[in-house]
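I have placed the structure first, in the form of structure tokens, so that the comments after it can refer back to it.
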């Protein structure tokens with residue numbers, strides 16, 4: 002017999018296995034039930050059930066009229082090797098997927114690859130390889146690893162961002178942004194990574210000024226770059242957070258990232274010596290309602306206008322006086338007000354937040370008043386103070402006479418309509434810089450024409466594919482500059498000579514919409530069909546690392562808002578619930594003096610801290626090869642089994658907390674013991690139900706009946722608690738603890754209760770079903786053993802099918818002991834007048850109660866058209882008192 006030991010973590014070479022008298026048997030294969038759940042039994046169980054569970058998942062995914070449930074885990078970068086963080090996030094999504102399918106949902110749990118980016122390009126440069134081949138090899142390797150972990154993904158929905166059939170639609174969405182005026186190109190002082198030779202967004206630079214990926218000190222460089230105007234959506238993105246459920250602190254992180262959206266930008270055209278330069282400048286005002294009182298435009302000394310090549314630069318340099326506010330000959334015409342103001346170079350090194358250009362309005366700022374006065378500037382007073390301490394506008398065209406609040410709304414709205422600014426945003430938010438000067442990324446679908454300027458590539462010519470390059474160096478200009486046949490092209494508009502854009506997009510653009518492509522992943526004609534996206538969105542649960550809770554989440558939310566405005570989707574927010582998970586940390590040992598990380602075997606734990614001396618610091622850090630504290634998931638699975646690793650990950654800590662991986666702690670021994678105890682419970686029931694041992698519940702005495710009632714109550718309590726944990730707070734550790742508690746109750750059951758009670762049988766069936774999403778292989782075998790119990794009492798064990806095809810157990814209605822309806826006493830002017838039967842679910846809703854009672858025969862007879870002064874609904878008893886006109 003040839004076997005593939007896939008369930009043990011690594012796809013091993015085929016090896017012959019000779020059955021011998023000592024070989025363990027498996028019930029599903031032989032019909033012989035092992036008394037104990039030993040390591041060899043566990044191995045055989047996972048080996049048997051692994052392909053069957055995955056095949057059944059794929060079969061069940063084909064077409065369904067059931068209610069949808071979209072569980073999404075953040076897709077990985079294909080590095081070629083899974084780490085324990087991957088195992089954690091995908092174990093969580095797999096558990097939720099199985100659970101929701103057992104609850105009757107059609108579940109979408111897709112997987113794909115965030116496949117562009119610097120690591121693949123750098124690896125290709127180091128090895129002299131094509132980054133595409135490197136990436137495809139890694140994808141194949143990681144897909145096998147995911148399969149070996151028994152993870153049930155909808156592989157028919159797989160997406161890979163570096164394939165043309167995906168990035169064609171990334172380019173399509175970019176063109177939509179470009180046509181909407183939200184994708185633009187400007188010269189800017191940018192963060193330059195001297196090691197990776199590319200631009201970084203501000204978010205990709207840490208607090209020490211180092212690149213998030215290479216660790217190099219970031220330099221400042223002036224380059225012409227592509228931006229996406231995310232600031233136009235700041236206020237809608239901020240406001241939409243209020244409609245979402247709690248995201249375990251992430252909503253606050255999003256809100257803090259966006260900031261208070263109390264101001265906006267206005268667009269200005271620059272002039273030198275009265276001649277427009279063609280340069281447009283956007284300037285921020287924290288009080289846009291007073292914009293007609295503008296006195297000047299101020300820029301920082303670090304502003305790109307002082308460092309670029311525009312015609313404005315010489316005029317600014319001539320006027321600039323370091324350390325003081327410098328009035329220049331450059332003027333700026335406000336495209337909203339039509340008024341012209343001088344440009345001032347501020348003495349400041351920074352404005353509020355990330356601003357580098359602000360509007361000076363003396364009426365609403367003492368500082369602006371001081372600058373304008375010192376420079377002898379003129380301005381118009383636009384605020385009039387009233388006796389009631391309010392202010393109204395004057396000298397502000399059609400907005401004069403409005404209050405400041407009214408003017409704020411009217412002015413910003415009109416500026417938006419005229420497309421000259423007005424989008425509410427914060428002073429701390431900047432537009433999204435997406436240009437990257439590297440090869441391995443989505444080409445920006447724009448050509449540069451000497452006559453027409455930047456022109457979008459026509460949709461019918463998409464995708465603009467990456468050219469094959471003979472070699473990559475990672476130095477100097479963008480590698481695409483070397484592909485002359487590719488770069489030189491024809492302008493789509495005038496048909497004259499043109500050059501392709503040689504910057505590629507930041508990989509965050511690819512991942513800003515992948516959740517939409519999953520809904521229609523093979524569509525060759527559009528990024529997705531709207532009806533399919535509308536069916537699956539929003540994502541019901543989105544799972545990933547907390548490190549992506551700001552940037553990626555913000556960009557993904559922005560793009561979904563944009564797609565809604567383009568009529569591509571019905572939903573503005575892409576994700577309903579967000580579940581962020583902490584790190585899995587390993588123990589590290591490093592020299593206190595040098596910070597050098599040491600391997601564990603270099604430590605002498607019996608005496609001297611380090612062979613050769615030296616003080617060693619012992620900490621817990623994110624797993625990493627360089628820190629010698631990493632774990633190979635395949636080795637861990639091979640040692641303990643898939644189900645044990647899954648249960649450990651779910652049980653060791655709540656998802657948002659870090660796990661300190663230590664197999665000597667209670668978590669891993671605890672879940673190993675629990676699996677054995679579950680096995681023993683099935684063994685116990687099978688032993689009590691031999692062919693001659695026919696159960697007879699009437700034989701149970703009072704003491705035993707009391708025991709069965711306790712089992713029944715604990716079963717229902719466990720169903721209630723575990724269901725809540727898997728739907729509301731995702732405390733898998735608490736759910737497992739509750740199941741362990743039910744296991745304890747069943748383990749202590751007397752032999753006669755095991756043999757004769759339906760309560761024990763149904764509680765054990767429910768226990769196995771609730772274990773199934775978390776330990777599917779073990780639960781599948783336990784269920785097979787349960788369904789072959791002789792003389793079953795409960796119909797639960799007579800349904801047929803595997804455990805993951807069963808319906809999730811429900812709480813017995815009599816356990817809840819709550820009626821669906823309630824009798825509500827009706828009082829009129831404090832006198833009891835009768836009762837009305839109302840649905841329990843609305844019995845605490847005062848407005849609904851009033852409506853129901855007024856529509857009832859009692860209400861029509863006693864109240865009718867009489868005026869109701871007040872209706873008082875009691876918060877404690879089923880009573881409502883109407884105070885009405887006599």
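Numbering (the numbering used here), first residue to last: 2 to 887. For each residue, glycine too, the CB sits at the ideal point set by N, CA and C.
CA-CA distance, residue 73 to residue 553, rounds to 14 Å.
Nearest neighbour of residue 389 by Cα position, chosen from 381, 400, 404 and 704, turns out to be 404. Nearest in C-alpha terms to residue 151, of all of 788, 48 and 759, is 48.
Put simply, of 136, 798, 833 and 58 the residue whose alpha carbon is nearest the alpha carbon of residue 101 is 58. The DSSP-derived three-state label of residue 532 is helix. The continuous alpha helix (DSSP H) containing residue 318 extends over residues 313 to 320. By the neighbour-count definition (other C-beta atoms within 10 Å, threshold 16), residue 110 is a buried residue. Taking 7 Å as the cut-off, the Cβ atoms of residue 655 and residue 580 do not count as close. The beta carbon of residue 541 sits closer than 7 Å to the beta carbons of 70, 71, 72, 577 and 578 from its chain, once the five residues preceding and following it are set aside; these are given in chain order. In this structure, 845 is the residue among 884, 852, 859 and 845 with its C-alpha nearest to the C-alpha of residue 878. For the 7 Å CB-CB criterion, residue 209 and residue 201 do not form a contact. Residue 450 is classed as buried because its beta carbon has at least 16 other beta carbons within 10 Å across all chains shown. Taken in chain order, the unbroken stretches of beta strand (DSSP E) that lie wholly in the stretch 493 to 523 and span 3 residues or more are 498 to 501. Note on geometry: alpha-carbon atoms of residue 583 and residue 729 lie some 18 Å from one another. Pairing residue 284 with residue 163, the inter-Cα distance amounts to about 37 Å. Put simply, the stretch 445 to 462 does not touch the stretch 368 to 376. Fewer than three CB pairs are less than 8 Å apart. When only Cα atoms are considered, residue 149 and residue 775 end up about 16 Å apart.
In this structure, residue 280 and residue 223 do not form a Cβ contact; the two beta carbons are roughly 15 Å apart against a cut-off of 8 Å. Burial is judged here by how many other beta carbons sit within 10 angstroms of a residue's own beta carbon; residue 274 has fewer than 16 and is exposed. Per DSSP, residue 278 lies in no alpha helix (DSSP H); the unbroken beta strand (DSSP E) holding it starts and ends at 276 to 286. In terms of Cβ geometry, residue 564 and residue 425 do not form a close pair [threshold 7 Å]. The beta carbons of residue 195 and residue 220 sit closer together than 7 Å. With a cutoff of 7 Å on beta-carbon distance, residue 829 and residue 805 are scored as not near each other. The residue from 716, 708 and 684 with its alpha-carbon nearest to that of residue 784 is 684.
Taking a C-beta distance under 7 Å as the contact criterion, residue 83 and residue 634 qualify as a contact pair. Sequence-distant Cβ neighbours of residue 352 in its own chain, meaning closer than 6 Å and more than five residues away, are 359. According to DSSP, residue 265 shares a beta bridge with 286 and 425. Residue 194 carries a strand assignment under DSSP once its states are collapsed to helix, strand and coil. In terms of Cβ geometry, residue 197 and residue 119 form a close pair [threshold 7 Å]. Counting along the chain, residue 227 sits inside no alpha helix (DSSP H); it lies in the beta strand (DSSP E) bounded by residues 220 to 229. Around the beta carbon of residue 379, a 10 Å sphere encloses fewer than 16 other beta carbons of the protein chains shown; the residue is thus reported as exposed. Counting only unbroken stretches of 3 or more residues, the beta strand (DSSP E) elements lying wholly within the stretch 784 to 854 are 822 to 829 and 832 to 840, in sequence order. Looking at the DSSP output, residue 448 bridges to 456 and 501. Contact between the stretch 498 to 509 and the stretch 136 to 144 is absent: fewer than three C-beta pairs spanning the two stretches fall below 8 Å. Contact annotation: residue 522 and residue 89 have beta-carbon atoms that are not nearer than 7 Å. With fewer than 16 other beta carbons inside 10 angstroms of its own, residue 472 counts as exposed.
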